[in-house]
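Peer 1:
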Amino acid sequence: TDDSAYLPDRDKVSLSPGMIYGVQSYAFEDEHIKVALTENFPGFGNTGYVYPDFVRLTRAGVPTSPDTQPITYNGPSEVLVNKPLTLRGTFDPRVVTTITLKAEDRYPLNVVLNRSAGLWEVILPRGLQEPGYRWLRLRALNSQEKLVGTQVINLTVSPEPLTVGESLILTVLKDTLFKVAPLDSNSLKAEQKITVSKGQTFAVDKYGLLDGHLKILLKNAISPVGNFGYFFPGHVSLKKGKEELKFGIESVPDTEAKAQLLVIKTTFLKAQPVDTASLEANQYTPLLLGQTFPIQGYASTEGHFRVTLGESVPGFGNVGYLYWQHVQIVRQGQEVLFNPNALTMTILAITVFKKQPINASQLSASDKTTLPLGRVYGVNSYVVEANHLKVALTEELPNFGNTGYVFPGHVQLRSGSQTLQPIPPQLELNVPYFSQRDNPRYSWATCNVTSIAMVMAYYGVRPRYGGQLEDELLQWTLNYAGQGSYTEHNVLTALIKAYGFKTSFSTTRRWYEIKEELINRRPVVLPGDFIVPSGHIVVLIGYDNRGYIANDPWGDAYTAYTSTYGRRRLYSYSYLNQVAGPDGNVWAHFIAP
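In terms of my numbering, the sequence shown opens at residue 724 and continues consecutively.
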């Protein structure tokens, strides 16, 4: 019963999710279930230990427990966020001396025992503060502090009061299969799958996603599979109360080409990442164990690799899906791991991929290419530039290359299942605030080095000699060009470069360029007529729908600087256009690591 990490390979064997094994006998022993199976594992045998939280024992489809536990949990499985909560259950006071309850094995909760009634209780007056999934480990110890009972309590903390306590109902949308494992039905025996008809409904206890399938624990068993099995998400609908739960296929992330595909188990190349039972005969073709193929690209989605083969398979084509456990992909001598979280770009409207961020009509045919509606591309990197997304793809487009510009409204970027906002409606960078008022020298005139110090500190620069970074930068300018030089923009440019940064200064910036710098996570040093006639410099650190967010080293310009607190001041777009514009005449230092 040691941790498996400390056991040699001969003393352990992996059990795959969803697999079902016959059991001769079992017993609860030292926080594990000791199980004698009805089959032998080569080199291992049929008897071993499993952790109880990772298996479910059933007898005739009904869950059972290894030995009678001297402790139970009788509380809710779903609760409302930020609402008072009581967790409770029973225990056998003849056996149990101490009960502990820890959230995620890290946060102990105060357990109150009523020994005469055999009840335990945990009261949380504020409830649970974060919505999502939580788990708690309940443990019972006897007088010798030996574990005599354990249970994992799974809680769903919901922000939606209308669905708390509502049942889960699964509706079959089209004739489909209920299977014992998330595998292609052709690889399963007859007793390991059952056809369920369109229109049938089932009460569901729990659900999850695994390898492109919906993992379901039904309240009532379906013979011969039982109450635990797998459906293809596109063939069923799952509702909790009136809310329909969504399980759409995620976008397919291509990766770089020039790899090798090895078939390690006879399988099917398919037109879609679904069970072959859902496909027409011309939509899949067998690949045999031991076959190898050069591939131009590959991707991970819904438990499959999407591959682009170097040559077409007769009668099928060169693009298809393969169950990821049936193949190996090798690139530059290394096996490619299955990864569904790569960055992707989906084309939402027919658009042009361009060599320059200008109107496509001004470009020659060799400097642009059309991206078709619905196509998904893998992405290496992207930045916002000139009102476009500059994107480096993971594949070469014929006669074009892999890098170009695309209009943001025509595409959707994702990381796995998460939709990204390349141009967010609001943004704020975590730039530290420094006041120039506490500078020991020329405090009234050092908004420049103080603003630059804030940007450098954001990038991780710390004072070399102790004290304030802005004082150090001031001394650099004095050493470099003498008294008063800290107000000269060419000297400030030299200062920024001396500290290892890329920089450019211009007096003809456009406001969209300022916003793009912020979107690309680079704060902007902005001069302007905040103070007349001397001028002033601030740091722009973000924006929202009202204006730009600034760290103003002298205070709050809206109060004519009677307020000396200048951190995170919101200056409207119209105000900044008045004091630092107009558009096309904006002065700004851009600084990048």
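Beta carbons: idealized from backbone N, C-alpha and C, even for Gly. All values derive from a computational prediction rather than experimental measurement.
#1: Taking 8 Å as the threshold, find out whether the stretch 1034–1047 comes into contact with the stretch 1098–1109 through three or more Cβ pairs.
#2: Can you give me the Cβ contacts of Asn1076 inside the same chain, cut-off strictly under 6 Å, excluding the 5 residues immediately before and after it?
#3: So, Leu1293 versus Ile1260, is the Cβ gap smaller than 8 Å?
#4: Between Val1114, Ser737, Arg782 and Ser1035, which lies nearest to Gly766 when the distance is taken from Cα to Cα?
#5: Please report the distance separating the alpha-carbon of Arg1291 from that of Ala826.
#6: Should Gly1205 be labelled buried (16 or more other beta-carbon atoms within 10 Å of its own) or exposed?
#7: Which of the three DSSP states is assigned to Val1172 in this structure?
#8: Count Cβ pairs between the stretch 1241–1252 and the stretch 1131–1142 that sit closer than 8 Å; are there 3 or more?
#9: Would you give the residue range spanned by the beta strand (DSSP E) that Val1075 belongs to?
#10: Buried or exposed: Asp977, going by 16 or more other Cβ atoms within 10 Å of its Cβ?
#11: Could you please give me the residues that DSSP links to Thr1051 through a beta bridge?
#12: Please identify the residue among Thr781, Val895, Leu933 and Val1302 whose C-alpha is closest to the C-alpha of Ala926.
#13: Out of Ser1229, Leu1201, Phe1224 and Ile987, which one is the CA nearest neighbour of His1212?
#14: Taking DSSP as the reference, what is the three-state secondary structure of Ser748?
#15: Less than 7 Å between C-beta atoms, sequence neighbours within five positions excluded: which residues of the same chain meet that for Pro1017?
#16: Thinking just about the alpha-carbon of each residue, which of Leu940, Tyr1188 and Ser1023 is nearest to the one in Val778?
#17: The ligand ZN and Val1129: does the residue's C-beta get closer than 7 Å to at least one heavy atom of that ligand?
#18: Relative to the alpha-carbon of Lys735, which residue among Tyr772, Phe751 and Ile756 has its alpha-carbon at the smallest distance?
#19: Helix, strand or coil for Tyr1188? Go by DSSP, reduced to three states.
#20: Alpha carbon to alpha carbon, how far is Leu1060 from Gly964? Give it in angstroms, no decimals.
#21: In the stretch 897–957, which residue ranges form an unbroken alpha helix (DSSP H) of at least 4 residues, counting only runs that do not cross its ends?
#22: Assign Phe814 to buried or exposed, taking buried as 16 or more other Cβ atoms, counted over all protein chains shown, within 10 Å of its Cβ.
#23: Under a three-way DSSP split, which group does Gly1026 fall into?
#24: Helix or strand or just coil, what does DSSP make of Leu1218?
#25: Is Gln1144 helix, strand or coil by DSSP?
#26: Tell me whether Pro1305 sits in a helix, a strand or coil according to DSSP, three-state version.
#27: What span of residues does the alpha helix (DSSP H) with Tyr1235 cover, start to end?
#28: Output needed for Glu844: all residues of its chain with C-beta closer than 6 Å, excluding positions within five of it in sequence on either side, in chain order.
#29: Would you kindly work out how many angstroms separate the C-alpha atoms of Asn1300 and Lys1078, rounded to a whole number?
#30: With DSSP run on the structure shown, which of helix, strand or coil describes Thr1285?
#31: State the Cα-Cα distance for the pair Gly872 and Gln792, rounded to the nearest angstrom.
#32: Candidates Ser920, Gly1270, Ile876 and Gly1043: which alpha carbon is nearest Gln1019's?
#33: For Gly1307, count neighbouring C-beta atoms within 10 Å of its own C-beta (all shown protein chains included) and say buried if the count is 16 or more, exposed if not.
#34: Taking the beta strand (DSSP E) that Arg782 falls in, what are its first and last residues?
#35: Between Arg1342 and the rest of its own chain, which residues show a CB-CB distance below 8 Å, the 5 nearest in sequence each way excluded?
#36: Under a three-way DSSP split, which group does Pro976 fall into?
Peer 2: In this structure, then:
#1: no
#2: Within the sequence shown, numbered from 1, the residue matching residue 1076 stands at position 353. The sequence shown places Phe at residue 1076, rather than the Asn named in the question. Taken in chain order, the residues that qualify are Thr1092, Leu1094, Gly1127 and Val1129.
#3: By 1-based counting over the sequence shown, the position of residue 1293 is 570. By 1-based counting over the sequence shown, the position of residue 1260 is 537. Cβ distance not < 8 Å, so Leu1293 and Ile1260 don't count as in contact.
#4: In the sequence shown, residue 766 corresponds to position 43, counting from 1. When only C-alpha atoms are compared, the closest one is Ser737.
#5: In the sequence shown, residue 1291 corresponds to position 568, counting from 1. In the sequence shown, residue 826 corresponds to position 103, counting from 1. If you take the alpha carbons of Arg1291 and Ala826, they lie about 37 Å apart.
#6: As a working note, residue 1205 is residue 482 in the sequence shown. It is exposed - the Cβ of Gly1205 has fewer than 16 other Cβ atoms within 10 Å.
#7: The sequence position of residue 1172 within the sequence shown is 449, counting from 1. Correct three-state label for Val1172: helix.
#8: no
#9: Sequence index remark: in the sequence shown, residue 1075 carries index 352 (1-based). Element bounds for Val1075: Thr1074 to Lys1077.
#10: As a first step, residue 977 is located in the sequence shown; it is residue number 254 there, counting from the start. With a pLDDT of 39 at Asp977, under the threshold of 50, the modelled position of this residue cannot be trusted, and the question is left open.
#11: Locating residue 1051 in the sequence shown gives position 328, counting from the first residue. The sequence shown places Gln at residue 1051, not Thr. According to DSSP, which records beta bridges pairwise, Gln1051 is partnered with Leu985.
#12: Stepping through the sequence shown from its first residue, residue 926 is reached at position 203. The option with the nearest alpha carbon to Ala926 is Val895.
#13: In the sequence shown, residue 1212 corresponds to position 489, counting from 1. For the residues Ser1229, Leu1201, Phe1224 and Ile987, the minimum Cα distance to His1212 belongs to Ser1229.
#14: Taking the first residue of the sequence shown as position 1, residue 748 is located at position 25. Three-state DSSP puts Ser748 in a strand.
#15: Walking along the sequence shown from the start, residue 1017 turns up at place 294. Correct list, in chain order: Gln983 and Gly1033.
#16: As a working mapping, residue 778 is identified with position 55 in the sequence shown. With distances taken between Cα atoms, Val778 lies closest to Leu940.
#17: Annotation note on the ligand ZN: not contained in the displayed structure, which lists no ligands.
#18: As a working mapping, residue 735 is identified with position 12 in the sequence shown. Of the candidates Tyr772, Phe751 and Ile756, the one whose C-alpha sits nearest the C-alpha of Lys735 is Tyr772.
#19: Counting from one through the sequence shown, the residue named residue 1188 turns up at place 465. It is coil, neither helix nor strand.
#20: Locating residue 964 in the sequence shown gives position 241, counting from the first residue. Locating residue 1060 in the sequence shown gives position 337, counting from the first residue. Rounded to whole angstroms, Gly964 to Leu1060 spans 38 Å at the Cα level.
#21: none
#22: Taking the sequence shown and counting its residues from 1, one reaches residue 814 at position 91. Burial call: buried.
#23: On the sequence shown, residue 1026 is found 303 positions in, with the first residue counted as 1. Residue state, collapsed to three classes: coil.
#24: Taking the first residue of the sequence shown as 1, we reach residue 1218 at position 495. Three-state result, Leu1218: helix.
#25: Here the question's residue 1144 lines up with position 421 in the sequence shown. The answer is coil: DSSP assigns Gln1144 none of H, G, I, E or B.
#26: Position 582 of the sequence shown holds residue 1305. The answer is coil: DSSP assigns Pro1305 none of H, G, I, E or B.
#27: As a position in the sequence shown, residue 1235 is number 512, starting the count at 1. Unbroken alpha helix (DSSP H) run through Tyr1235: Trp1234 to Ile1242.
#28: Taking the sequence shown and counting its residues from 1, the one referred to as residue 844 is at position 121. The answer, listed in chain order, is Arg811 and Val835.
#29: Along the sequence shown, read from residue 1 onward, the residue named residue 1300 stands at position 577. Along the sequence shown, read from residue 1 onward, the residue named residue 1078 stands at position 355. Looking at the two C-alpha atoms, the distance is approximately 32 Å.
#30: Position 562 of the sequence shown, counting from 1, holds the residue named residue 1285. Here Thr1285 sits in coil by DSSP.
#31: As a first step, residue 872 is located in the sequence shown; it is residue number 149 there, counting from the start. As a first step, residue 792 is located in the sequence shown; it is residue number 69 there, counting from the start. Near 6 Å, if we compare the C-alpha coordinates of Gln792 and Gly872.
#32: Locating residue 1019 in the sequence shown gives position 296, where the first residue counts as 1. Looking at the Cα atoms, Gly1043 is the closest of the given residues.
#33: Your numbering for residue 1307 matches position 584 in the sequence shown. By the 10 Å Cβ count, Gly1307 comes out exposed.
#34: Sequence index remark: in the sequence shown, residue 782 carries index 59 (1-based). Counting along the chain, the beta strand (DSSP E) containing Arg782 begins and ends at Leu780 to Arg782.
#35: The question about residue 1342 has no answer here: the residues shown for the chain are numbered 724 through 1316.
#36: Walking along the sequence shown from the start, residue 976 turns up at place 253. With a pLDDT of only 36 at Pro976, under the threshold of 50, the placement of this residue in the model should not be trusted; the figure read from the coordinates follows. Coil.
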